[in-house]
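Protein chains in written order, with the working numbering: chain A, 1 to 158; chain H, 1001 to 1158. C-beta: ideal position from N, C-alpha, C; glycine also. Quantities reported herein were computed from a predicted structural model and do not represent experimental measurements.
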DNA sequence: TGATAATTGTTCTACTATATAACAATTTGG
DNA sequence: CCAAATTGTTATATAGTAGAACAATTATCA
């Protein structure tokens, strides 16, 4: 009676864990890859205490000095309400400054400070190194271009 | 005196906004693509009130019934502390149930309820439709495979 | 022109996702 | 058997994001 019916086909075979049901999903793998890339980015910028949103903001201001807050925010997909604190942070660190343009006194024009210009040169270098690392992981510039092209197809054209 | 010095080289040429400095970054485009794909996923599952984490949890439980909470959580990259509320939600909706295995009374084994089994069949169909949509956007199954391969190269092998 | 609508920055609030610490119950390993 | 590790859980803190409301200003257009 205490026989545990000794497994007619003797196969303990500890069942494996199946992850394909999620890892085969484009969106799932996209997210995992994005999280990992961002974690590496954050690690590389840890000594500079710069988050991805900070870097992309500085980069856009550098490329478009005098832009309004809402222009930078919109380009980054950040709500203008949430963008206020981000700019406050960069301003209090002396990297960015707000100036009121005479032609539209509702808006704030954003500029890098001299210190901000110095710093973004450093940041751009860190970013370029990291980008090179990503390209290496992907298997070269051609693979990177292919990835960028495929990701672009997923993005809304507007 | 009210002459606006009529622009020697007559070119008002309203300056364009340069976004290349960020859109050319692998991580940035990866994130934008991921956000968009997730938004579409959420929209498709809106009537079912199911978030990506909910679906992937159900899918993993379906593929691995009786798994411990921590096994599912770890596979999804979710901290076990945060996984508790997620399972509570699925359990209160009658989709999942916790059972205490006799061999390890610390852990909770996760199973789909009969209702959960019914529902995930529906969810899997919605997901399959969405996946087909993504593949179409990418340009076909070959393009999808290429994307999955490239994303895989960015992921840590472990 | 003047009333109305729209824009911009801002504050406040709320919700989701995530990270850490601590704890009890239990199991594991010397 | 005792110490260490594991599991689920609670509590807490922090980012990121979304919406409403507001004042100041600018744009629209009848």
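Residue 45/A to residue 17/A span [Cα, whole Å] | In the first chain, counting from the first residue as 1, residue 45/A sits at position 45. In the first chain, counting from the first residue as 1, residue 17/A sits at position 17. C-alpha separation (whole angstroms): 36 Å.
Could you tell me whether the Cβ atoms of residue 95/A and residue 119/A are closer together than 8 Å?
-> Looking up residue 95/A in the first chain gives position 95. Looking up residue 119/A in the first chain gives position 119. Yes, Cβ-Cβ distance for residue 95/A and residue 119/A is below 8 Å.
So, is residue 1099/H buried or exposed, given that buried needs 16 or more other C-beta atoms within 10 angstroms?
-> Here residue 1099/H refers to the residue found at position 99 of the second chain. Exposed, by the Cβ-count rule.
What separation, rounded to the nearest whole angstrom, lies between the Cα atoms of residue 83/A and residue 1028/H?
-> Looking up residue 83/A in the first chain gives position 83. Looking up residue 1028/H in the second chain gives position 28. When rounded, the distance between both Cα atoms is 18 Å.
Can you pull the DSSP bridge partners for residue 1067/H?
-> Stepping through the second chain from its first residue, residue 1067/H is reached at position 67. According to DSSP, residue 1067/H bridges with 1110/H.
Would you call residue 1077/H buried or exposed, if buried means 16 or more other Cβ atoms sit within 10 Å of its Cβ?
-> Looking up residue 1077/H in the second chain gives position 77. Counting Cβ neighbours within 10 Å, residue 1077/H comes out exposed, since fewer than 16 surround it.
Contact list for the segment 108-138 of chain A against chain H, Cβ threshold 9 Å | 124, 127, 130, 131, 134, 135, 137, 138
Determine the closest residue to residue 171/A out of 1136/H, 1116/H, 1138/H, 1021/H, with distance taken between C-alpha atoms.
-> The structure shown has nothing for residue 171/A, since chain A only spans 1 to 158.
Anticipated Cβ contact below 8 Å, residue 1110/H with residue 1072/H, distance rounded = Along the second chain, read from residue 1 onward, the residue named residue 1110/H stands at position 110. Along the second chain, read from residue 1 onward, the residue named residue 1072/H stands at position 72. That pair is a contact at about 6 Å.
Whole runs of the beta strand (DSSP E) within the segment 1015-1101 of chain H, excluding any shorter than 3 residues = 1096-1099
CB-CB under 8 Å to residue 1115/H, same chain, minus the five flanking residues each way: which ones, in chain order?
-> Taking the second chain and counting its residues from 1, the one referred to as residue 1115/H is at position 115. Once the five neighbours on either side are set aside, the close Cβ partners of residue 1115/H are 1094, 1095.
In its own chain, which residues sit with a C-beta less than 7 Å from the C-beta of residue 1050/H, not counting the 5 before and 5 after it?
-> On the second chain, residue 1050/H is found 50 positions in, with the first residue counted as 1. Taken in chain order, the residues that qualify are 1123.
Compare the C-beta of residue 88/A against all C-beta atoms of chain H and say whether one is closer than 8 Å.
-> Within the first chain, residue 88/A is the residue found at index 88, counting from 1. Chain H contact via Cβ: absent.
Using a beta-carbon distance cut-off of less than 8 Å, what residues from the segment 1027-1050 of chain H approach chain A?
-> 1027, 1028, 1029, 1030, 1031, 1032, 1033, 1034, 1035, 1036, 1037, 1038, 1041
Distance, Cα to Cα, residue 1126/H vs residue 1055/H?
-> As a position in the second chain, residue 1126/H is number 126, starting the count at 1. As a position in the second chain, residue 1055/H is number 55, starting the count at 1. Spanning the two alpha carbons is a distance of roughly 11 Å.
Please confirm whether residue 155/A and residue 1033/H have their CB atoms less than 8 Å apart.
-> Numbered from 1 along the first chain, position 155 holds the residue referred to as residue 155/A. Numbered from 1 along the second chain, position 33 holds the residue referred to as residue 1033/H. In this structure, residue 1033/H lies closer than 8 Å to residue 155/A by Cβ.
Have a look at 63/A, 75/A, 47/A, 117/A and flag the residue whose alpha-carbon is nearest the alpha-carbon of residue 91/A.
-> Taking the first chain and counting its residues from 1, the one referred to as residue 91/A is at position 91. Nearest of 63/A, 75/A, 47/A, 117/A to residue 91/A, Cα basis: 117/A.
Identify, in the order they occur along the chain, each residue of the same chain with its Cβ nearer than 8 Å to the Cβ of residue 1053/H, setting aside the five sequence neighbours on each side.
-> Along the second chain, one-based indexing puts residue 1053/H at 53. Closer than 8 Å at the Cβ level, and outside the excluded window around residue 1053/H, lie 1076, 1078, 1086.
Could you say which of 30/A, 62/A, 37/A lies nearest to residue 1035/H if we only look at CA atoms?
-> Here residue 1035/H is taken as the residue at index 35 of the second chain, counted from 1. The residue with the shortest Cα to Cα distance from residue 1035/H is 30/A.
is_contact[residue 1084/H, chain A] using C-beta, thresh 8 Å = On the second chain, residue 1084/H is found 84 positions in, with the first residue counted as 1. No - not a single Cβ of chain A is within 8 Å of the one on residue 1084/H.
Boundaries of the alpha helix (DSSP H) in which residue 1153/H is found, first to last residue | Reading the second chain from its first residue, position 153 is the one you call residue 1153/H. It spans 1141-1154 - the alpha helix (DSSP H) in which residue 1153/H sits, taken as one unbroken run.
Take the Cβ of residue 15/A as the centre, count every other Cβ of all protein chains shown within 10 Å, and call the residue buried at 16 or more, exposed below.
-> Counting from 1 along the first chain, the entry for residue 15/A is found at position 15. Looking at its Cβ environment, which holds fewer than 16 other Cβ atoms inside 10 Å, residue 15/A is exposed.
If we cut at 8 Å on Cβ distances, does residue 60/A have a partner in chain H?
-> Within the first chain, residue 60/A is the residue found at index 60, counting from 1. For residue 60/A, the answer is yes, since a Cβ of chain H falls inside 8 Å of its Cβ.
Under 7 Å Cβ to Cβ from residue 57/A, same chain only, skipping five residues before and after it: list those, please.
-> Within the first chain, residue 57/A is the residue found at index 57, counting from 1. Only 72, 76, 86, 90 meet the Cβ criterion.
Cβ of residue 37/A within 8 Å of Cβ of residue 1131/H?
-> The count along the first chain starts at 1 and reaches residue 37/A at position 37. The count along the second chain starts at 1 and reaches residue 1131/H at position 131. Going by C-beta atoms, residue 37/A is not nearer than 8 Å to residue 1131/H.
Alpha-carbon to alpha-carbon, residue 1105/H and residue 1144/H | As a first step, residue 1144/H must be located in the second chain, where it is residue number 144. As a first step, residue 1105/H must be located in the second chain, where it is residue number 105. One C-alpha to the other measures close to 43 Å.
Is it right to say residue 64/A is buried, meaning 16 or more other beta carbons lie within 10 angstroms of its own, or is it exposed?
-> Here residue 64/A refers to the residue found at position 64 when the first chain is read from its first residue. So residue 64/A ends up on the buried side.
Residue 71/A at chain H interface by Cβ criterion, 8 Å = The count along the first chain starts at 1 and reaches residue 71/A at position 71. Chain H contact via Cβ: present.
Which residue from 1074/H, 1043/H, 1121/H, 1041/H puts its Cα closest to that of residue 19/A?
-> Within the first chain, numbered from 1, the residue matching residue 19/A stands at position 19. The candidate whose alpha carbon is nearest that of residue 19/A is 1074/H.
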